[in-house]
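Report on the following structure.
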Amino acid sequence: MSKTKHIFAVLILSLLGITLLVSLSKLPNQFEYANSIYHHVVNNSITETGSLNFVTAILYDYRAYDSLGESTIIFGAVSGIVLLLSRKTLPVSSHGLSFIVKRTFGMLTPFIFLFGIYIITHGHLSPGGGFQGGVILGAISIIFSIVYGSEFDYKRYSPTTKTLLETSGALLFIGLGFMGILLGGNFLMNLNILNAEVGSLLSAGSIPFINIGIGFKIGAGLAIIFYSMIQKTFKEEVDL
Amino acid sequence: MIILKYLLLIFVMATAYLAITFEEELISIIFLSIFSIILTTLYLIHNAPDVALAEAVIGAGLNTAIFMTVISQVREGKDSIFREDD
Numbered sequence: 001m002s003k004t005k006h007i008f009a010v011l012i013l014s015l016l017g018i019t020l021l022v023s024l025s026k027l028p029n030q031f032e033y034a035n036s037i038y039h040h041v042v043n044n045s046i047t048e049t050g051s052l053n054f055v056t057a058i059l060y061d062y063r064a065y066d067s068l069g070e071s072t073i074i075f076g077a078v079s080g081i082v083l084l085l086s087r088k089t090l091p092v093s094s095h096g097l098s099f100i101v102k103r104t105f106g107m108l109t110p111f112i113f114l115f116g117i118y119i120i121t122h123g124h125l126s127p128g129g130g131f132q133g134g135v136i137l138g139a140i141s142i143i144f145s146i147v148y149g150s151e152f153d154y155k156r157y158s159p160t161t162k163t164l165l166e167t168s169g170a171l172l173f174i175g176l177g178f179m180g181i182l183l184g185g186n187f188l189m190n191l192n193i194l195n196a197e198v199g200s201l202l203s204a205g206s207i208p209f210i211n212i213g214i215g216f217k218i219g220a221g222l223a224i225i226f227y228s229m230i231q232k233t234f235k236e237e238v239d240l
Numbered sequence: 001m002i003i004l005k006y007l008l009l010i011f012v013m014a015t016a017y018l019a020i021t022f023e024e025e026l027i028s029i030i031f032l033s034i035f036s037i038i039l040t041t042l043y044l045i046h047n048a049p050d051v052a053l054a055e056a057v058i059g060a061g062l063n064t065a066i067f068m069t070v071i072s073q074v075r076e077g078k079d080s081i082f083r084e085d086d
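Residue numbers (this note's numbering), protein chains in the order written: chain A, 1 to 240; chain B, 1 to 86.
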């Protein structure tokens, strides 16, 4: 990189830093939030949504519309990557890694799956939620591709299944949103389907269902991204 | 606790610097993974377990796998996906 480019980069970065510092100093003091929405959420979140985890309550109840937008962004990314990368649908695969790694991951993978499901379904009780658990579920497909070869991934968990899972997750989310309108409320309002006492698994209205929908959507979407990237990588090793 | 916090902050800066300075991409990816893991600990210390979980899963797990795949595809040279149809 030449010297003028260096000077240009330093100039741009220092301008960006000054802009960020100025806008950071314009932020209100943390003690000025006394009568703002933050107190409302902290005080009334449990009675209004039934979710012990306030972050999940905000993400999938108060601001569920934003989460819908984020899932749409993921959907757009998946569509773009698949459009760019998958010109051939046939799987070409390596034979995976050694026998020891295959056996070890054969024992580990069910527990990784269980952990992902736990993170998704307990999103309203403990840290986590649809996004995090969904990425863990997507990691299982990555393990399949790397450890057992993408041929195995194609056979056990085909692209059709992934597409089906992603679409059904998105449809569950949007369907819950339209159920709110049909029942006479707002789009994506909390339907109070599960109304056990706060702190149990079957509580928090429709938040667990939205968690499950987002979890399957994100997991299958990331699996599709990884599969469409890896499917031609090991081309020379094919002698199946 | 406060000493641990500043130590971790120094490590975050060190790993970020090392990740951008190495010529070898593989080492950069590994340093980026370490960066994510230290950042996870920092989020946990600051009482944000949700963000910590997301950072651990996405930053340390998924990013590393995807970057490794990209590296292996770019290094293939003549078998690269972008040159196959020529």
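For every residue, glycine included, the Cβ atom is placed at its ideal position computed from N, Cα and C.
So, helix, strand or coil for residue i, using DSSP?
i              : result
residue 175(A) : helix
residue 201(A) : coil
residue 9(B)   : helix
residue 47(B)  : coil
residue 8(A)   : helix
residue 22(B)  : coil
residue 96(A)  : coil
residue 157(A) : coil
residue 36(B)  : helix
residue 28(B)  : helix
residue 182(A) : helix
residue 53(A)  : coil
residue 187(A) : coil
residue 229(A) : helix
residue 79(A)  : helix
residue 17(A)  : helix
residue 4(B)   : helix
residue 26(A)  : coil
residue 126(A) : coil
DSSP has residue i in a bridge; who is on the other side?
i              : result
residue 194(A) : 205(A)
Assign residue i to buried or exposed, taking buried as 16 or more other Cβ atoms, counted over all protein chains shown, within 10 Å of its Cβ.
i              : result
residue 3(A)   : exposed
residue 2(B)   : exposed
residue 241(A) : Here chain A covers residues 1 to 240 and nothing more, so residue 241(A) does not appear.
residue 124(A) : buried
residue 82(B)  : No answer about residue 82(B) holds up, because its pLDDT of 46 lies below 50 and its placement is not dependable.
residue 36(B)  : buried
residue 23(A)  : exposed
residue 122(A) : buried
residue 74(B)  : exposed
residue 13(B)  : exposed
residue 70(A)  : exposed
residue 160(A) : exposed
The alpha helix (DSSP H) that contains residue i, what's its start and end?
i              : result
residue 63(A)  : From DSSP, residue 63(A) is part of no alpha helix (DSSP H); its letter is neither H nor E.
residue 140(A) : 130-143
residue 107(A) : 99-121
residue 148(A) : Here residue 148(A) belongs to no alpha helix (DSSP H), and DSSP marks it neither H nor E.
residue 43(A)  : 37-49
Relative to the ligand PLP, is the shortest distance from any of its heavy atoms to the C-beta of residue i smaller than 7 Å?
i              : result
residue 160(A) : Looking at this structure, you won't find the ligand PLP or any other ligand, since it has none at all.
*Closer than 9 Å, Cβ to Cβ, to anything on chain A: give me those residues from the segment 41-60 of chain B, in chain order.*
Against chain A - using a Cβ distance shorter than 9 Å - the residues of the segment 41-60 of chain B are 48, 49, 50, 51, 52, 53, 54, 56, 57, 58.
*chain B contacts from the segment 138-153 of chain A (Cβ-Cβ distance under 8 Å)*: 138, 139, 142, 146
*Closer than 9 Å, Cβ to Cβ, to anything on chain A: give me those residues from the segment 9-23 of chain B, in chain order.*
Within the segment 9-23 of chain B, no residue has its Cβ closer than 9 Å to any Cβ of chain A.
_Contact residues within the segment 200-230 of chain A, judged by C-beta distance below 9 Å to chain B_ = 222, 225, 226, 229, 230
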